[in-house]
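Have a look at the structure below, then the notes.
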Amino acid sequence: MRVAILDDETAELQRLEQTLQSMDESQRAPWLTHCFCRGEEMLRRLKRERYDLLILDWQVPDISGLQILKWSREHLEDSPPVIMITSRDSEQDVVRALNAGADDYICKPFRPHELRARILAVMRRRGGVRPAEAERSQFGDLLFDDAELCVSRAGQPVTLTEREYRIARYLFNNLGRPLSREYFYERFWPHEEVHSSRPLDTHIYRLRNKLGLSPEHGWQLLTIYGYGYRLERVGDEQAH
1 MRVAILDDET AELQRLEQTL QSMDESQRAP WLTHCFCRGE EMLRRLKRER
51 YDLLILDWQV PDISGLQILK WSREHLEDSP PVIMITSRDS EQDVVRALNA
101 GADDYICKPF RPHELRARIL AVMRRRGGVR PAEAERSQFG DLLFDDAELC
151 VSRAGQPVTL TEREYRIARY LFNNLGRPLS REYFYERFWP HEEVHSSRPL
201 DTHIYRLRNK LGLSPEHGWQ LLTIYGYGYR LERVGDEQAH
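The sequence shown maps to residues 1 to 240 in UniProt numbering.
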């Protein structure tokens, strides 16, 4: 679970980060927090990185949390849930934030147990609204089955490890978006597992071959030097 937190008060950022890191998510990956004290810095990262949850303070000196919220709803195809945490507690402000797309609104000073409960409630609501058919997704001749963690290509099953499947799924969920190596390692490698760029590069190489991620099949998996990878759909005129 990758969470981006925006707050210009260092003490508040630390308190939020500690609250998030104390959450028990034993069945999934750990809670990974990314803290920002300036809205402009967070906006730059949102354009390049994918997060599962945004926690935003409204009043930040440069780009406010409300502006970040509006930008995420307008520009991110798979916009993450957003919780506003702010000292602005008037009914008018609450309504304004909710109308802009906030999933919840918490007034400062926040209570850690309440925050944890609200976060889990927001994530459950977001997970519950997805239709059952979303467990199976078609991309060209590739069919992903999230329930079985398997993929078929042109009707033929492709043998993938669980990690390969999850990496491939996220590449296709983020078509056209650059994804950093840091992102993949945070998502798919245990913390205790020592890593370099090599294991990820090996997985990417295998996926290119197994899934046919090449221009003749309608896909291009690009290596972004010094950063990571981006999967793109090639125009129909190049695909067979």
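We put the beta carbon where it would ideally sit given N, CA and C, even for glycine.
For clarity, every value in this text was computed on a predicted model and none was experimentally measured.
Asked                                                                                                                             : Found
Residue 244 burial status per 10 Å Cβ neighbour count (16 or more: buried)                                                        : Outside the modelled stretch of the chain, which goes from 1 to 240, sits residue 244, for which no answer is possible.
Secondary structure, alpha helix (DSSP H): runs of 4+ residues fully inside the region 57-84                                      : 65-75
Beta-carbon proximity list for PRO157, same chain, < 7 angstroms, skipping 5 on both sides                                        : CYS150
Three-pair Cβ contact test at 8 angstroms for the region 100-118 versus the region 68-85                                          : yes
Coil, strand or helix - ALA168 by DSSP                                                                                            : helix
Whole-angstrom distance between PHE172 and ASP52, CA atom to CA atom                                                              : 16 angstroms
Backbone CA spacing between ARG166 and GLN92 [nearest angstrom]                                                                   : 42 angstroms
Other residues of its chain near SER137: CB distance less than 7 angstroms, five sequence neighbours each side excluded           : PHE144
LEU231, enclosing beta strand (DSSP E) - first and last residue                                                                   : 228-233
Three-state secondary structure assigned by DSSP to LEU207                                                                        : helix
PRO109 (DSSP reduced to helix, strand or coil)                                                                                    : coil
Where PRO157 falls: helix, strand or coil (DSSP)                                                                                  : strand
Proximity below 9 angstroms, CB of ARG124 to CB of CYS107                                                                         : no
Contact check, LEU160 vs LEU207, beta carbons under 9 angstroms                                                                   : yes
Cut-off 6 angstroms between Cβ atoms - residues of its own chain near MET23, not counting five sequence neighbours on either side : TRP31 and ARG116
Through-space distance from SER79 to TYR170, alpha-carbon basis                                                                   : 14 angstroms
Beta-carbon gap between LEU56 and VAL82 smaller than 9 angstroms                                                                  : yes
Any C-beta of chain D under 9 angstroms from that of GLU114                                                                       : The structure shown contains no chain D; it is built from a single protein chain.
Classification of GLU164 by the beta-carbon crowding that lies within 10 angstroms, buried from 16 upward                         : buried
Residue span of the alpha helix (DSSP H) that contains ALA97, given as start and end                                              : 91-99
Distance between beta carbons of TYR183 and residue 264, contact taken as under 8 angstroms                                       : In this structure the chain extends from 1 to 240, so residue 264 is not present and cannot be described.
Contact set for GLY140: own chain, Cβ-Cβ below 6 angstroms, skip 5 residues either direction                                      : GLY218
For ALA4, three-class secondary structure by DSSP                                                                                 : strand
Neighbour-count burial assignment, GLY155, 16 or more Cβ in a 10 Å radius                                                         : exposed
8 angstroms CB neighbourhood of PRO199 in its chain, flanking five on each side removed                                           : TRP189
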